[in-house]
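What follows is one structure encoded as structure tokens, with my remarks underneath.
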Amino acid sequence: MFTTLRKYSLVFASLLISVLPTVAQDIVYQNNGKKVDCKIIEINPQKIKYKIPQNPGPAYSMDAGDVLMAFSSTGNYVVYPLNGDNAQAAGFMHIPANKQNDLIITLDNQVIAVIELSLNDKEVKFKKADDKKPKEQKLAKSKIAVILYKDGHHELIADPAAAAASLKATKTQTDQITGVDNTLKTDANANTGNTNTSNTSDDAVAFPGGPEEFEKFRNKALIKVDELGTYLATIVDPKTPAEKANSTIGLAVTLFVNEDARVEVSNVNTGIKNKYKIRDYLRRLKLVGADYQEVEVSYADISYATDFRKGPDGNYYGVVSFVQTFKGLVDGKVVYGDVTQRNVTVILKLYEKAVDGETKKLWDVFLADVGIEETRKL
């Protein structure tokens, strides 16, 4: 995920969002009523970055303030604002929809799983999927917000703003019905083939806060990796002002256990690897964007390579792995690209914090050393 470009140029994954190739297109609905058919290549609480499949030119960016909602070609959706929810954005890109039935979302915020669905100008005919002896029912289209089809496409019945309001209000219900948990925890288990979303190890049971608290920290470690990626994307972006890049470096450093944490980098031409302390690495990273007019970075397969285990010092140690793709562009053309497999050590430990004038010991998770498993050119 962290790669030397040209001679000692460094790149760390933006941990923004990678996209799997599909035939169907993603759709972004804007607050001004416009609809954009596109391929989303990055999505987070601040913006959506996308390409127009018919146009091989540059990627476009849309600020979150202009976005009403977005649908992926697989049927996932998000409704803005996300209020800083990076996990939901990651779920949008990485967790495929798993609908067994079509879903009708009503304007009074009901979610109905249906079979044998048909529409006409005035009403929708269907049978409820959970009825033992399903009978045909009818519902006026004036009462429906949107229909989510099991093949991934959707149909807005109400106007986009009303549909978005109902989708946002029923998000938990639809996720429960489809079996989708839009969190990085679920994504990690999906990528490893592990269908058990909870950690029931002896370490989890013995954790002072209990298994549920332990599981929260497992999630938080993955979220912090995602947060780091957002910061790194800002630092490496050639359009980021120097002052903002410097302040973002400071924010990124706070995610680590201390400033002695090291980042490994490699030269894909020579195979030589070096390690730099995190702040030094980030300062070098800031210079990378100058080599290109545009930088695209994406990640996939975030998962626990090694789950948290208690160490002899009382801290808990784990390893998170992921794959990063980097592309440097000039005049809209890729002049350099690579794919890197990365491992990040994560530490769950006690730390001291001043609370109301008193020093308290609290548990939190931090990032530590970042290594390279493999790097190859695109």
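Residue numbers for the sequence shown, in mature numbering (1 follows the signal peptide of the UniProt record, and there is no 0): -24 to -1, 1 to 354. Where is the CB? At the ideal position from N, CA and C, for every residue including glycine. Please read these numbers as outputs of a predicted model, since none were measured by experiment.
* Just mark Lys75 as buried or exposed, buried being the case when its beta carbon has 16 or more other beta carbons within 10 Å. => As a working note, residue 75 is residue 99 in the sequence shown. Under this definition Lys75 is a buried residue.
* Return the chain-ordered ranges of every beta strand (DSSP E) run that is complete within the stretch 228 to 264 and spans a minimum of 3 residues. => 238 to 242 and 249 to 253
* To do: Look at the alpha carbon of Trp339 and the alpha carbon of Tyr312, and state the distance between them as a whole number of angstroms.
  => Here residue 339 refers to the residue found at position 363 of the sequence shown. Here residue 312 refers to the residue found at position 336 of the sequence shown. The straight-line gap from Cα to Cα measures roughly 42 Å.
* Inter-residue spacing [alpha-carbon to alpha-carbon] between Asn167 and Asp283 -> For the purposes of this step, residue 167 is identified with residue 191 of the sequence shown, where counting begins at 1. For the purposes of this step, residue 283 is identified with residue 307 of the sequence shown, where counting begins at 1. At Asn167, the pLDDT of 37 sits below 50, so the modelled position is not reliable and the matter cannot be decided from this model.
* Chain-order list of residues whose beta-carbon lies under 7 Å from that of Glu235 (same chain, five-residue window excluded) -> The residue labelled residue 235 in the question sits at position 259 within the sequence shown. Closer than 7 Å at Cβ, skipping near neighbours: Val229, Lys253, Ile254 and Arg255.
* Consult DSSP for Tyr292 and reduce its assignment to one of helix, strand or coil. => Locating residue 292 in the sequence shown gives position 316, counting from the first residue. Note: Tyr292 maps to strand in three-state DSSP.
* Asked: Who does Ala218 pair with in a DSSP beta bridge?
  -> Taking the sequence shown and counting its residues from 1, the one referred to as residue 218 is at position 242. None; Ala218 has no bridge partner.
* Closest to Val264 by CA distance: which of Arg285, Val212 and Gly294 is it? -> Counted from its first residue, the sequence shown places residue 264 at position 288. Measuring from the Cα of Val264, the nearest candidate turns out to be Val212.
* Shortest alpha-carbon distance to Gln86 belongs to which of Leu44, Leu93, Ile248 and Ala145? -> Sequence index remark: in the sequence shown, residue 86 carries index 110 (1-based). Residue Ala145 is the option with its Cα nearest to Gln86.
* Would you mind reading off the limits of the alpha helix (DSSP H) that contains Phe193? => Here residue 193 refers to the residue found at position 217 when the sequence shown is read from its first residue. For Phe193, the enclosing alpha helix (DSSP H) stretches over residues Gly186 to Val212.
* Residue of Ala281, Asp97, Thr351 and Val12 minimising C-alpha distance to Arg194 -> Position 218 of the sequence shown, counting from 1, holds the residue named residue 194. Out of Ala281, Asp97, Thr351 and Val12, Ala281 has the C-alpha closest to the C-alpha of Arg194.
* Where does Gln30 land, buried or exposed, given buried means 16+ other C-beta within 10 angstroms? -> The residue you call residue 30 lines up with position 54 of the sequence shown. Gln30 comes out exposed.
* Consult DSSP for Ile133 and reduce its assignment to one of helix, strand or coil. => The residue given as residue 133 occupies position 157 in the sequence shown. Note: Ile133 maps to coil in three-state DSSP.
* Leaving out five residues before and five after Lys161 in sequence, what residues of the same chain have Cβ atoms less than 7 Å from its Cβ? -> Here residue 161 corresponds to residue number 185 of the sequence shown, with the count starting at 1. Any reading at Lys161 needs caution, since the residue's pLDDT is 39, under 50, leaving its predicted position unreliable; the model's value is listed next. Counting only Cβ-Cβ distances below 7 Å, and skipping sequence neighbours, we find Thr173, Arg194, Asn195 and Leu198.
* To do: Could you tell me if Gln152 is buried or exposed, where buried requires 16 or more neighbouring beta carbons within 10 angstroms of its beta carbon?
  => Here residue 152 corresponds to residue number 176 of the sequence shown, with the count starting at 1. Label assigned to Gln152: exposed.
* **Ranges of the beta strand (DSSP E) found wholly within the stretch 75 to 143, counting only runs of at least 3** => Annotation note: the stretch 75 to 143 contains the following uninterrupted beta strand (DSSP E) runs of length 3 or greater, listed N- to C-terminal: 78 to 82, 87 to 95, 99 to 104, 113 to 116, 120 to 124 and 130 to 132.
* If you run the structure through DSSP and keep just helix, strand and coil, what is Asp283? -> Here residue 283 refers to the residue found at position 307 of the sequence shown. Note: Asp283 maps to strand in three-state DSSP.
* Spatial distance of Glu92 from Lys119 (CA atoms) -> For the purposes of this step, residue 92 is taken as residue 116 along the sequence shown, with counting starting at 1. For the purposes of this step, residue 119 is taken as residue 143 along the sequence shown, with counting starting at 1. Spanning the two alpha carbons is a distance of roughly 19 Å.
* Secondary structure of Ser223, DSSP reduced to three states -> Numbered from 1 along the sequence shown, position 247 holds the residue referred to as residue 223. Three-state result, Ser223: helix.
* Asked: For Lys98, which residues from the same chain have a beta carbon less than 8 Å from its beta carbon, with the 5 sequence-adjacent residues on both sides left out?
  -> The sequence position of residue 98 within the sequence shown is 122, counting from 1. Contacts found: Ala116 and Lys117.
* Asked: Excluding five sequence neighbours on each side, which residues of the same chain lie with their C-beta closer than 7 Å to the C-beta of Pro110?
  -> Translated into positions along the sequence shown, residue 110 becomes position 134. Closer than 7 Å at Cβ, skipping near neighbours: Ile91, Lys103 and Lys104.
* Cβ contact (3+ pairs, closer than 8 Å) linking the stretch 40 to 49 and the stretch 125 to 144 -> yes
* Would you tell me roughly how many angstroms separate the C-alpha atoms of Asp107 and Gln113, rounded to the nearest one? => The residue labelled residue 107 in the question sits at position 131 within the sequence shown. The residue labelled residue 113 in the question sits at position 137 within the sequence shown. Using only the alpha carbons, I get a separation of about 12 Å.
* Evaluate Pro136 with the Cβ neighbour count: other Cβ atoms within 10 Å of its Cβ, from every protein chain shown; 16 or more gives buried, anything less gives exposed. => Stepping through the sequence shown from its first residue, residue 136 is reached at position 160. Classification for Pro136: buried.
* **Residue interval of the beta strand (DSSP E) (run including Gln152)** => As a working note, residue 152 is residue 176 in the sequence shown. From DSSP, Gln152 is part of no beta strand (DSSP E) but of the alpha helix (DSSP H) over Lys147 to Thr154.
* To do: Counting only the same chain and skipping the five closest in sequence on each side, list residues whose C-beta sits under 7 Å from that of Leu345.
  => The residue labelled residue 345 in the question sits at position 369 within the sequence shown. Sequence inspection shows Asp at residue 345; the Leu mentioned does not correspond to that position. Taken in chain order, the residues that qualify are Ala237, Arg238 and Thr321.
* Asked: Which residues share a DSSP beta bridge with Lys303?
  -> In the sequence shown, residue 303 corresponds to position 327, counting from 1. In the DSSP secondary-structure assignment, Lys303 is bridged to Glu272 and Gly313.
* Helix, strand or coil: which one does DSSP assign to Ala332? -> Taking the first residue of the sequence shown as position 1, residue 332 is located at position 356. Correcting the residue type first, residue 332 is Asp in the shown sequence and not Ala. In the structure shown, Asp332 sits in coil (DSSP, three-state: anything other than H, G, I, E or B).
* Asked: Does DSSP put Gln64 in a helix, in a strand, or in coil?
  -> Position 88 of the sequence shown, counted from the start, is the residue given in the question as residue 64. The answer is helix: DSSP assigns Gln64 an H, G or I state.
* To do: Following the continuous beta strand (DSSP E) through Ile3, name the residue where it begins and the one where it ends.
  => The residue labelled residue 3 in the question sits at position 27 within the sequence shown. It spans Asp2 to Gln6 - the beta strand (DSSP E) in which Ile3 sits, taken as one unbroken run.
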